[in-house]
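K.L.:
Protein chains in written order, with the numbering used here: chain A, 39 to 343; chain B, 364 to 931.
Glycine included, each C-beta is placed from N, C-alpha and C at the ideal position.
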Amino acid sequence: MGGDLAQGIRRPWRPGAVAKPPPLPSAALLGQSLLAGIFAGALYGLLGLGLTLSWGLLRQINLAHFALVFLGGYLTYQLSTAGFDPLLTLALIAPAFFVLGVALHALLARFKVSPLNTLLVTYGFTVMIESLLQWIWSADYRRMDWHHGGVKWKLGELFVSLPELLTLAVACATALAMWAVLRYTDLGKAMRATAEDAPMAAAFGVNHQLLSLLLSGLCAALAALAGTCLALSYTLAPSQMYAWIGVVFAVVMIGGLGNPLGPLVAGLAIGVSEALTMALTAPAWAPLVSFSLLIGALLLRPHRF
Amino acid sequence: MKPLAAFLLVGAVLALAPFLGLPAFYESFLYLVFSWIVLATSWNILSGYAGYFSFGHAAFFGAGVYATAVLGSKLGWSLLATLPFAAGVPALLGVALGAVIFRVRALRGELFAVLTLAVTFVVSTIVLNTPIDGGPGVMLSAVPIPQLAPSPSGSFYLMALALALCTVFISYTVYHSRFGTGLFAIHDDEEVAEVMGVPTYRFKLAAFALSCALAGLAGGIHGVFVSYVTVSETFGHWLALYVILMAAIGGTRHWLGPALGAAVVTALLYAFTASDFAVAGRALVGLVLILVILFMPQGLLGRFSRRKALPRKALTPPDAPIVAVRGEALLVVRGASKAFKGVQALAGVDLEVRRGEILGLVGPNGSGKSTLINVVSGHYPIDSGSVVFEGREIAGEAPHRIAADGIARTYQIPRPFAHLSVLENVALPPMFGRVAMDRARAEGEAWRWLEFTNLSAKANRLPGDLNLHERKFLELARALASRPKLLFLDEVLSGLTASEMDGAIRLVRAIREQGTTIVFVEHVMRAVMELTDRVVVLTSGRSIAQGVPRDVMRDPLVIDAYLGGAHA
Numbered sequence: 039m040g041g042d043l044a045q046g047i048r049r050p051w052r053p054g055a056v057a058k059p060p061p062l063p064s065a066a067l068l069g070q071s072l073l074a075g076i077f078a079g080a081l082y083g084l085l086g087l088g089l090t091l092s093w094g095l096l097r098q099i100n101l102a103h104f105a106l107v108f109l110g111g112y113l114t115y116q117l118s119t120a121g122f123d124p125l126l127t128l129a130l131i132a133p134a135f136f137v138l139g140v141a142l143h144a145l146l147a148r149f150k151v152s153p154l155n156t157l158l159v160t161y162g163f164t165v166m167i168e169s170l171l172q173w174i175w176s177a178d179y180r181r182m183d184w185h186h187g188g189v190k191w192k193l194g195e196l197f198v199s200l201p202e203l204l205t206l207a208v209a210c211a212t213a214l215a216m217w218a219v220l221r222y223t224d225l226g227k228a229m230r231a232t233a234e235d236a237p238m239a240a241a242f243g244v245n246h247q248l249l250s251l252l253l254s255g256l257c258a259a260l261a262a263l264a265g266t267c268l269a270l271s272y273t274l275a276p277s278q279m280y281a282w283i284g285v286v287f288a289v290v291m292i293g294g295l296g297n298p299l300g301p302l303v304a305g306l307a308i309g310v311s312e313a314l315t316m317a318l319t320a321p322a323w324a325p326l327v328s329f330s331l332l333i334g335a336l337l338l339r340p341h342r343f
Numbered sequence: 364m365k366p367l368a369a370f371l372l373v374g375a376v377l378a379l380a381p382f383l384g385l386p387a388f389y390e391s392f393l394y395l396v397f398s399w400i401v402l403a404t405s406w407n408i409l410s411g412y413a414g415y416f417s418f419g420h421a422a423f424f425g426a427g428v429y430a431t432a433v434l435g436s437k438l439g440w441s442l443l444a445t446l447p448f449a450a451g452v453p454a455l456l457g458v459a460l461g462a463v464i465f466r467v468r469a470l471r472g473e474l475f476a477v478l479t480l481a482v483t484f485v486v487s488t489i490v491l492n493t494p495i496d497g498g499p500g501v502m503l504s505a506v507p508i509p510q511l512a513p514s515p516s517g518s519f520y521l522m523a524l525a526l527a528l529c530t531v532f533i534s535y536t537v538y539h540s541r542f543g544t545g546l547f548a549i550h551d552d553e554e555v556a557e558v559m560g561v562p563t564y565r566f567k568l569a570a571f572a573l574s575c576a577l578a579g580l581a582g583g584i585h586g587v588f589v590s591y592v593t594v595s596e597t598f599g600h601w602l603a604l605y606v607i608l609m610a611a612i613g614g615t616r617h618w619l620g621p622a623l624g625a626a627v628v629t630a631l632l633y634a635f636t637a638s639d640f641a642v643a644g645r646a647l648v649g650l651v652l653i654l655v656i657l658f659m660p661q662g663l664l665g666r667f668s669r670r671k672a673l674p675r676k677a678l679t680p681p682d683a684p685i686v687a688v689r690g691e692a693l694l695v696v697r698g699a700s701k702a703f704k705g706v707q708a709l710a711g712v713d714l715e716v717r718r719g720e721i722l723g724l725v726g727p728n729g730s731g732k733s734t735l736i737n738v739v740s741g742h743y744p745i746d747s748g749s750v751v752f753e754g755r756e757i758a759g760e761a762p763h764r765i766a767a768d769g770i771a772r773t774y775q776i777p778r779p780f781a782h783l784s785v786l787e788n789v790a791l792p793p794m795f796g797r798v799a800m801d802r803a804r805a806e807g808e809a810w811r812w813l814e815f816t817n818l819s820a821k822a823n824r825l826p827g828d829l830n831l832h833e834r835k836f837l838e839l840a841r842a843l844a845s846r847p848k849l850l851f852l853d854e855v856l857s858g859l860t861a862s863e864m865d866g867a868i869r870l871v872r873a874i875r876e877q878g879t880t881i882v883f884v885e886h887v888m889r890a891v892m893e894l895t896d897r898v899v900v901l902t903s904g905r906s907i908a909q910g911v912p913r914d915v916m917r918d919p920l921v922i923d924a925y926l927g928g929a930h931a
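Have a look at this one:
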């Protein structure tokens, strides 16, 4: 029952990056750790993007985001065994997830669920989806076999793999795109205005309901995207989703709620800190890094939150 | 002591079970029910009463398990000797965590929920990677347990029963106490609670520590009960889920709700885990949680969760009016400045309030009147300047300390505690204000002020049932009940009809007769002219004129400020 909880986040198997506590890590090992941290951080940022938008702009703390990410990961895995390319799968599941997101928001809005209670309701969905995953795919670890998955480049002494590079590119591109949409388009301005003062925005003709449904759908589609990236480079197990919650929420809060670039920046910072911690102490201590950073931020700058 | 007797009676009857020769299965099953009652009820003391949802109850339970595990297995202590540590370690952990989170002002509840989500993971990582456990788990079968009953399972049954009764009794006592009133007020509107004198930070920490300590005790006993503890079993995320579900099903605003929910859910879970549908059972738990939140947010005991007013006693004679030399300075504000992100709301305000007077504070919208009230009551920290009350500097004091000093305020848009009855709303300030009465005396005092404001007939209603005029009077009654020395009235007349306004003006006069000094913030000039002894005019965060109302209103500067220079 949750033996996985104690193991920390599963790293992809990576020959150069297995960090044991050496007395003095070599420059190459340290460099490889840093790279691993950057790639892990990119995925934190990608997972955090949907969360920060729904928390900051919709006032919903969507715990089910993690379950959707894993559902997306498993669907990518399953379809790849049937010969579908992960990118093709994404084109199929992203619209489907969009509909799920719209439905979730419709439900929460229909019952006028308070922000704290959205956490409870989506907790319920998380548990249901986890049970579903376990029922279909069992509690065992699954690893997707992608025919480009082994593509690697050598940069001096360091290795970079295609899935990781792809994840980094996707994370940066979506964060920048969301930032640009919120900053420059009328749609984005309407969303920010609604988040600030919904009745006032409505008085200026913003269709609050429609925008919120759209945004919630978008967040779920981002979960599908993150799920595909997750399946590309990580091993999947249903209960692993809980291992991501702490670090991704830390990324969201340190990055600033509703700020689309925040999770990426905070994610990279936390990813690198974790990698350094793993290289210099032991891998097992990595889960403490994000929590310590968050507590530190709370202590030093309580008024930012 | 009637409730205590009832608890003891229930305990005595249930304590007979191990001596009846029942199969050990029943004792163990009931042991589990009692354990869950402890966990759900302890969770509720902070999370249900004060509304700070914790997702980290497993961490505190687990800290208790491992406190007992370390002391029992490595040092060979008996179970009973380890229990103070099983309570103390989680309580310290909770206090440390709370000391960080509870200081944050915005998003407190959400931050708390999310941080407690992470804390289980953090504590389990520490336990797993240090000699506390180190990985293989800890054997506890050799830890001596007290021989309370013929069989070990009977002894565990009795220990869990005693702990469950204690926990529910604590929950009951807190629910009916001054402490509980403060927690319920924090749930509804923490800022107002603080301004009315509730030491919110201390109360939250105390409730959290109590909640963690009780969970840790359950953990200490449970570790020895299962006799072999591992990190993965102890810190599973299911514990938090079940605890939240139990409390939500039973009702989080009732002292017995979580216990009832625990009994129901434990029985249902047993039915599922005993069959082959464990995974389906978990999915069902998730579904039930969703349905409960959507369709039954008050829980099974929701309709019973309003506290009954204590029997109404004959009114004691009122305290003598505050006798004081009229005219000496009561509150002196010098050079008060406050900026919000570049907007200078107060730019060096000077203000003197004299004992016994009604001082009118007027000025156009945005001139800084409300900010001044918020600064004096301690809600906003002041940027520079001084606030001296009765000869003592109070700038920088916590709002609840300032309330205890004798400063009260009303809100322009009434902010009653939505889930407390009208009577409880009015009884809260005397419990926490200048005099700090117990609940019975405070309710007696509240009746007096409800009569004073003509609200006695609605004493047992919720504030949501009142109309605007009544809610404004509720604000007044609340401010009066604390018997303040200085009262800030923030636009109590706005939105009232002419006849309602006459009533309100009579009321303000009557308040002054009690010996209370009043700062009267108002736009209705008729009332300002009728009521006030002196007027101070604020504009753009500065006081530009003061004196007798008639003179001040003729001052060209004042006319300019109000009419925007149209006469020039």
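Would you mind telling me which residues of chain A sit closer than 8 Å to Asn492(B), beta carbon to beta carbon, in chain order?
P.N.:
The answer, in chain order, is Ala320, Ala322, Trp323.
K.L.:
Strictly below 8 Å CB to CB, what residues from chain B border Ala288(A)?
P.N.:
Residues of chain B passing the Cβ test: Ala481.
K.L.:
Compare the Cα-Cα distances from Phe104(A) to each of Leu332(A), Leu274(A), Leu203(A), Leu204(A) and report the closest residue.
P.N.:
Of the candidates Leu332(A), Leu274(A), Leu203(A), Leu204(A), the one whose C-alpha sits nearest the C-alpha of Phe104(A) is Leu274(A).
K.L.:
Please determine, among Phe571(B), His886(B), Val785(B), the residue with the shortest C-alpha to C-alpha distance to Tyr925(B).
P.N.:
The candidate whose alpha carbon is nearest that of Tyr925(B) is His886(B).
K.L.:
Alpha carbons only, please: which of Pro762(B), Arg778(B), Ile400(B), Leu818(B) is nearest the one belonging to Leu524(B)?
P.N.:
Nearest option by C-alpha distance: Ile400(B).
K.L.:
Once the 5 residues before and after Pro60(A) are set aside, which same chain residues still bring their CB inside 6 Å of it?
P.N.:
Low confidence applies to Pro60(A): its pLDDT is 49, below 50, so where it sits in the model is not reliable, and the reading given next is rough at best. The answer is none, since no qualifying residue turns up.
K.L.:
Taking C-beta to C-beta, are Met892(B) and Pro919(B) nearer than 8 Å?
P.N.:
No. Outside cutoff.
K.L.:
Just confirm the distance between the C-beta atoms of Ala625(B) and Ala403(B), as a whole number of angstroms; I'd bet it's less than 8 Å.
P.N.:
Indeed they touch by this definition, with Cβ atoms about 4 Å apart.
K.L.:
Inspect the CB distances between the region 407 to 426 of chain B and the region 449 to 459 of chain B and report whether three or more fall short of 8 Å.
P.N.:
Contact between the region 407 to 426 of chain B and the region 449 to 459 of chain B is present, because at least three Cβ pairs lie under 8 Å.
K.L.:
According to a CB-to-CB cut-off of less than 8 Å, which residues of the region 69 to 98 of chain A neighbour chain B?
P.N.:
Answer in chain order: Trp93.
K.L.:
Bridge partners for Val433(B) per DSSP, in chain order?
P.N.:
Answer is none; Val433(B) lacks a bridge partner.
K.L.:
Using the beta-carbon of each residue, which ones in chain B are nearer than 7 Å to Tyr280(A)?
P.N.:
Ordered by position in chain B, the residues that pass the 7 Å Cβ test against Tyr280(A) are His600.
K.L.:
Is the beta carbon of Ser534(B) closer than 8 Å to that of Trp406(B)?
P.N.:
For Trp406(B) and Ser534(B), no; Cβs fall outside 8 Å.
K.L.:
Would you tell me roughly how many angstroms separate the C-alpha atoms of Gly620(B) and Val589(B), rounded to the nearest one?
P.N.:
Roughly 27 Å separates the two Cα atoms.
K.L.:
Hey, is Arg616(B)'s beta-carbon within less than 8 Å of any beta-carbon in chain A?
P.N.:
Chain A, which has no Cβ nearer than 8 Å to the Cβ of Arg616(B), makes this no.
K.L.:
So, using beta-carbon positions, are Leu260(A) and Gly83(A) closer together than 8 Å?
P.N.:
No, Cβ-Cβ distance for Leu260(A) and Gly83(A) is not below 8 Å.
K.L.:
Hey, out of Ser747(B), Leu714(B), Leu608(B), Ile770(B), whose CA is closest to Leu663(B)'s CA?
P.N.:
Cα-wise, what sits closest to Leu663(B) is Leu608(B).
K.L.:
Could you give the C-beta distance for Val151(A) and Leu604(B), rounded to a whole number, given that I count them as a contact under 8 Å?
P.N.:
Incorrect: roughly 18 Å between the Cβ atoms, too far for contact.
K.L.:
Taking 8 Å as the CB-CB limit, is Met316(A) close to chain B?
P.N.:
Cβ-Cβ to chain B under 8 Å: no for Met316(A).
K.L.:
Determine, for Tyr291(A), whether the minimum Cβ-Cβ distance to residues of chain B falls below 8 Å.
P.N.:
Rather than Tyr, the amino acid found at residue 291(A) in this sequence is Met. Chain B, which has a Cβ nearer than 8 Å to the Cβ of Met291(A), makes this yes.
K.L.:
What does Ala581(B) reach in chain A if we use C-beta pairs closer than 8 Å?
P.N.:
Going along chain A, no residue has its Cβ under 8 Å from Ala581(B), so there is no contact; the nearest lies around 17 Å.
K.L.:
Between Ala335(A) and Ile283(A), is the Cβ-Cβ spacing less than 8 Å?
P.N.:
No, the pair does not count as a contact, with Cβ atoms beyond the cut-off.
K.L.:
Out of Val506(B), Ala527(B), Ser903(B), Glu553(B), which one is the CA nearest neighbour of Ala708(B)?
P.N.:
For Ala708(B), the nearest C-alpha among the options comes from Ser903(B).
K.L.:
Between the Cα of Leu500(B) and those of Val433(B), Val695(B), Ala692(B), spot the shortest distance and give me the residue it belongs to.
P.N.:
Note that residue 500(B) is Gly in the sequence shown here, rather than Leu. For Gly500(B), the nearest C-alpha among the options comes from Val433(B).
K.L.:
Quick check on the DSSP output: what are the complete alpha helix (DSSP H) runs of length 4 or more inside the region 125 to 188 of chain A, in order along the chain?
P.N.:
Qualifying alpha helix (DSSP H) stretches, in chain order: 153 to 175.
K.L.:
Alpha carbons only, please: which of Leu395(B), Asn823(B), Ala873(B), Ile874(B) is nearest the one belonging to His782(B)?
P.N.:
When each option's Cα is compared against that of His782(B), the closest is Asn823(B).
K.L.:
How big is the Cα-Cα spacing for Gly613(B) and Arg221(A)?
P.N.:
So the alpha carbons of these two residues sit roughly 46 Å apart.
K.L.:
Evaluate Arg846(B) with the Cβ neighbour count: other Cβ atoms within 10 Å of its Cβ, from every protein chain shown; 16 or more gives buried, anything less gives exposed.
P.N.:
Under this definition Arg846(B) is a buried residue.
K.L.:
Helix, strand or coil: how does DSSP classify Pro60(A) here?
P.N.:
Confidence is the limiting factor: at Pro60(A) the pLDDT is only 49, short of 50, which leaves the residue's position unreliable, though a coordinate-based value still follows. Pro60(A) falls in the coil class under three-state DSSP.
K.L.:
In angstroms, rounded to a whole number, what distance separates the CA positions of Asp224(A) and Gly265(A)?
P.N.:
Whole-angstrom Cα-Cα distance: 29 Å.
K.L.:
May I ask which residues mark the beginning and end of the alpha helix (DSSP H) holding Asp914(B)?
P.N.:
Looking at the DSSP string, the run of the alpha helix (DSSP H) that includes Asp914(B) is 912 to 915.
K.L.:
Express the C-alpha separation of Leu521(B) and Leu383(B) in angstroms, rounding to a whole number.
P.N.:
When rounded, the distance between both Cα atoms is 13 Å.
K.L.:
Quick one: complete beta strand (DSSP E) runs, 3+ long, within the region 532 to 586 of chain B?
P.N.:
Whole beta strand (DSSP E) segments, 3+ residues: zero.
K.L.:
Leaving out the 5 sequence neighbours to the left and right, which residues in its chain are closer than 6 Å to Ile549(B) when beta-carbon positions are compared?
P.N.:
Excluding residues within five positions, the ones whose Cβ falls inside 6 Å are Ala413, Ala556, Thr563.
K.L.:
To the nearest angstrom, how far is it from the Cα of Ser700(B) to the Cα of Ser747(B)?
P.N.:
Ser700(B) and Ser747(B): Cα-Cα distance of roughly 5 Å.
K.L.:
If we require 4 or more residues per run, which alpha helix (DSSP H) segments fall completely within the region 403 to 457 of chain B?
P.N.:
Listed in chain order, the complete alpha helix (DSSP H) runs (minimum 4 residues) inside the region 403 to 457 of chain B are 420 to 432.
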